[in-house]
Structure formats: C-alpha cells, structure tokens
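Residue numbers (the numbering used here): 684 to 1246.
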C-alpha cells in the first residue's frame, strides 16, 4: 500500500489518524503480516466473518498510515462474492475496507445517496440494484490472550437474541412477560428490545450526537419492532445523563407508549451486561464486585465517572471506591488535548506524594519547558488554565481511568492531541508493548486513601501520585517505553487493589471487569493476575461488549428487575 494513496484517502475522509481495517484473500496471506493464534483464526473463519484485531508481525510492511502508532491492525476475510472477485483480479495482499459513508454518519444505502454525497471521496463506483433494507456495520473483536472481547457486536451476531428465560424471575416474577426498550448511552449506541424473555440487541448504531445517526436510531427501532412484532412497551430505559439525545428520545417514547421512564446509571448498566454473561438463579455470581473502567459515564452525583468499584446486584449498586476525583478544566477540551488533564492531575493538592516539590510554580515551569507545544495556544493557555482551576469556571470533576491513561500518554509525548475516541490510551498500550525487557519499574506508588464528600465515604486511588512518579522518571532519563509499562501497571494494580479490598469488606468472592479500558490486553492481564493471586474469581465479558455496545442490554435487564 502506497503511503501517498492512504494519506489521500485520509484527507478525503477527514480521518486524521484512526486506523483502517484491511481485507485479505485468505488466512495464509494474513499470516504474512500479522500474528494469528488458533482462536483468532477460528473467529476470522467463523460464519459471522468479523473484523479481528491482530498484532502486526516483524514482516508487516504496509504503509505506516494504515494503522499509525499502533502495534495491531483490524483484519477481515472475504464474506461476499464481490470480495472474492476483487481478489481474483489482483495479487494485492490486502485492501483497505471502509464503509460508504460520510465520517460520523451512517452507511448510505441507496445508489442515489452514494453518487450524490461521496463524489469528494471516491473516484469510481461499483453499484448494484439490490436494495439494502437494514444497514449493518461489520462486527469487530479482539483477543486478550485467548479471551474474546467484542469491540462491536453487529453484523453476523445481531439481532440473534440473548435467552433470559427464567433467569430473573426470582427478582421479578413478571420479568419474562415484560416488554422493554432500552436506548443505550450516546456514543457507540445500540438499543435493546426485551420481549418474551428474549433480549434483542441491535446492530451498531453509532454516535447519536450526529443528526443522521439519531435518525438511523429511530428507523432501526421501528424495524426491530416490526420484526419482533412489538407494538407497546411496559417501560423505556435510558442513560442517567439528562442531555443525551437518547435520553430525550426515551422521554418522547415513554410519553408515546404511556409507560414509565427508567434512567439507569452508566456503569451499573455496564456491570449488569457483564453479570448477565455469568448469572443464573443458583449461581454464586448473583452479586459481584465490578471494576468499571472507561472514558466517561454520567455519575449519580452529577460528575463524570470512569474508574469505579461497584458492589452490584441486578437491581442496585453501591459505589465502594474510585479513582481520585480530578478537575477537568474546560470539560471536554481535556479529552481532545490531554495535556490539560495532565496539568490538572499534577496540580491536585490532595495527593500524598511529593507535594512540596510539585508547587504551582514548579508545574507551570515544567509545562512551559517540556509541554508547551502540546497546548493549543501555548504559554497563554497554561496561564489561563491555572486561573480556570483556581476559579472553577467551566471545570468538571471526573474519576475516569481513560483520562488518567491519556495523561500518561501525553506525559510521554505519545499522543498530544486526540483525533479519535481512545487514541491516546490505545497508542500508550502500543508504546508499552514495544518494551520487551524483563527489567521493569516496580517502585510506583499505590496509595489508597479514605475519601468523604456529600455523597458518603469511599476509598480512592491517588492517581496524582502515579502521575508525579511518571514525570519524575521522565526527568531522571528513564527509558520511556519502560515508563509506559509502569504507568499502565500502576493504574491496573491500584484498581485491582481497590476491588479486592471492597470484595473482602463485602464478603464477595467474584470480581468482574467492564468498560472500554478492558480492551487493553496488558491492563486486563495485570488486574486478572493480582485478583486471582489474592484468591478471588475474576470474570470478563463472554458474549457481550466490555465497551458501550452492551450498555443497552444492561439497562433493559435492570429496568425489568425494577418494575
């Protein structure tokens, strides 16, 4: 693949850095550029034909811009006759495959749309008169060692339902007779229709903050209602966030169908989709300690959560621990420019690590000397950032694992500006993966503190201590890949320790992991090893997504058990 060609495609799509998936003619060709385990091969060749994220091997020689800054690449095999015809007329080892859509919007399903709207992207068109009734994106999966994790559970897997018959009738005897619609969060949305004890989870819908995707969500709901012969609902479930477009739609539908609206906390829904994979009426897993680690979810206190330890049953949950609350100056600006989050975390006065050294003047000097180019507006932004944190103007509070990992990434200058969801954390994983030496840093600080606010008491992990340790190691001239390994491991062990302490206090023997952070193989392994070494059972998603793609399933189950 020619670098200029791939970069031209990126320019036309407005897709700055996000990796492309590729299609190869057969598994033998895939092995020429990627490492393929037996489990990965079996999944690639399965009847569902998903994209599987594979590690690049030493012979990988595609253009760097295909999968920039990552140690892995999404790969799929031909699943339609046209795909095979394409490979019959060329000896290329792989094609880049991307959907026929304007970025951020649903796939186009008519020839008229394609010819009208893709003329600035495509040079040629191969079209057909076969109608598409229901658009459906490719499924995407990844293995962490030999454990399958769905990144996107869509084509090939949906709408085959989850069978919940008799599973939750001990909690609500009417559960199997209920009809519930759950609308998911706002990003990476799916919806779920629960009917006759079966949960029909939709294909991947996308990000509903885009109007066309919001329209697609409504169309897909009507389609699913038709094929499941559903004309009414007993409840509508949605995210707790009051401003999500899915929440607004849920309110409208609750009025239309004259039924209750049941808001569900984001990470509770994550946890129940995981618990459902392991739950039965006689199981020891009816109650579980959940590590919910992701970028963001609206918390019960109105703050952004994402590094939570929850003691959960089906109906309810208790937040027993979390990462240290950190300021988010400028709100979502911190997700696009993670150096702002780095500055905030380093500045937290409540840390138990090196407070005298990390004065405001010292941090300002550090940022001006080492990170000035990471700020959109340079020195003036650094000055205004500290004034903003002092006045708390447009400053949110978060406990997000994703924001901490992003900060580690930008501290190491791996990713200074995010161009797609999860970029900084994904590139951090790949950067750490490059370190192959046995000599690792193990003296990172794991400081757990008691914390109390207006919502009660809980334990917190001092993430400022971890970040200051990382900056100290950078200044000492330590190997940067080695520091990346230590950063991931410190956050992992801290979360695992919080979970184990909660499990001991509650007398619960099972600890589960959910949220987008658990697509990271190294973090998953660190947490799994720590928990199992402490004598607890560790469980992961089996037939649902760690990420937001299964939130609607959790919402539907919680709503059904609470009616």
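From the three backbone atoms N, C-alpha and C, an ideal C-beta is built for every residue, glycine too. No experiment lies behind these values; they were computed from the predicted model shown.
Contact annotation: residue 928 and residue 892 have beta-carbon atoms nearer than 8 angstroms. At a Cβ-Cβ threshold of 8 angstroms, residue 1108 and residue 1089 count as neighbours. Taking C-beta separations shorter than 7 angstroms and ignoring five residues to either side along the sequence, the partners of residue 837 in its chain run 819, 820, 821, 822, 886 and 887, following chain order. Secondary-structure assignment with DSSP links residue 889 through a beta bridge to 872. Within a 10 Å sphere around the beta-carbon of residue 1125 sit fewer than 16 other beta-carbons, which makes this residue exposed. Proximity of the segment 1058-1072 to the segment 968-982 falls short of the contact definition, fewer than three beta-carbon pairs being nearer than 8 angstroms.
Under a 10 Å Cβ-count criterion, residue 756 is classified as buried, with 16 or more other Cβ atoms of the shown protein chains found around its own Cβ. In the three-state reduction of the DSSP assignment, residue 1087 falls in the helix class.
Burial check for residue 763: the Cβ neighbour count within 10 Å stays below 16, so the residue is exposed. By the Cβ-count criterion, residue 883 is buried, with 16 or more other Cβ atoms from all chains shown falling within 10 Å of its own Cβ. Distance check between residue 808 and each of 907, 798 and 1200 places 798 closest, using alpha-carbon atoms only. Between residue 733 and residue 867, the C-beta gap is not smaller than 8 angstroms, which leaves the two residues out of contact. In this structure residue 1149 touches residue 1173 by the C-beta definition: roughly 5 angstroms separates them, less than 8 angstroms.
Residue pairing by DSSP puts residue 1009 in a beta bridge opposite 1081. Residue 1236 is not a Cβ neighbour of residue 851, given a cutoff of 8 angstroms.
The beta carbons of residue 914 and residue 1246 sit no closer together than 8 angstroms. If you look at residue 756, you'll find it in the beta strand (DSSP E) that goes 755-759. Closest in C-alpha terms to residue 987, from the list 725, 949 and 847, comes 949. Minimum Cα-Cα distance from residue 1170 among the listed residues 1160, 1192, 1183 and 1146 corresponds to 1146. Here residue 899 carries a helix assignment [DSSP, helix/strand/coil]. For residue 871, the closest alpha carbon among the candidates 941, 896 and 737 is that of 896. Scanning its chain for C-beta atoms nearer than 6 angstroms, with the 5 sequence neighbours on each side dropped, one finds around residue 827 the residues 1204 and 1207, in chain order. Closest in alpha carbon position to residue 746, among 716, 766 and 765, is 716.
Residue 785 sits in coil when the DSSP states are folded into three classes, being neither helix nor strand.
Excluding its 5 nearest sequence neighbours in each direction, residue 707 has C-beta neighbours in its own chain below 7 angstroms: 713, 758, 760, 776 and 777, listed in chain order. Only residues of its own chain outside the window of five on either side were considered, and among them 1012, 1013, 1014 and 1071 have a CB closer than 8 angstroms to the CB of residue 1077, listed in chain order.
Judged by beta-carbon spacing, residue 710 lies within the 8 angstroms limit of residue 727, meaning their Cβ atoms are closer than that value. The beta-carbon distance between residue 995 and residue 1141, rounded to whole angstroms, is 14 angstroms. This is too long to meet the 8 angstroms contact definition. In this structure, the straight-line span from the alpha carbon of residue 912 to that of residue 875 is close to 14 angstroms. For residue 779, there is no enclosing alpha helix (DSSP H); the enclosing beta strand (DSSP E) covers residues 778-780. Our two residues, residue 1016 and residue 1023, have alpha carbons roughly 8 angstroms apart in a direct line. Given a length threshold of 4 residues, each whole run of the alpha helix (DSSP H) inside the segment 1054-1132 is given here in chain order: 1061-1074, 1084-1094 and 1106-1116.
For residue 1134, DSSP records a beta bridge to 1141. Distance check between residue 1218 and each of 1196, 1198, 1183 and 1225 places 1183 closest, using alpha-carbon atoms only. For residue 998 against residue 1241, the beta-carbon gap comes to about 7 angstroms, under 8 angstroms, which counts as contact. With a cutoff of 8 angstroms on beta-carbon distance, residue 1234 and residue 961 are scored as not near each other.
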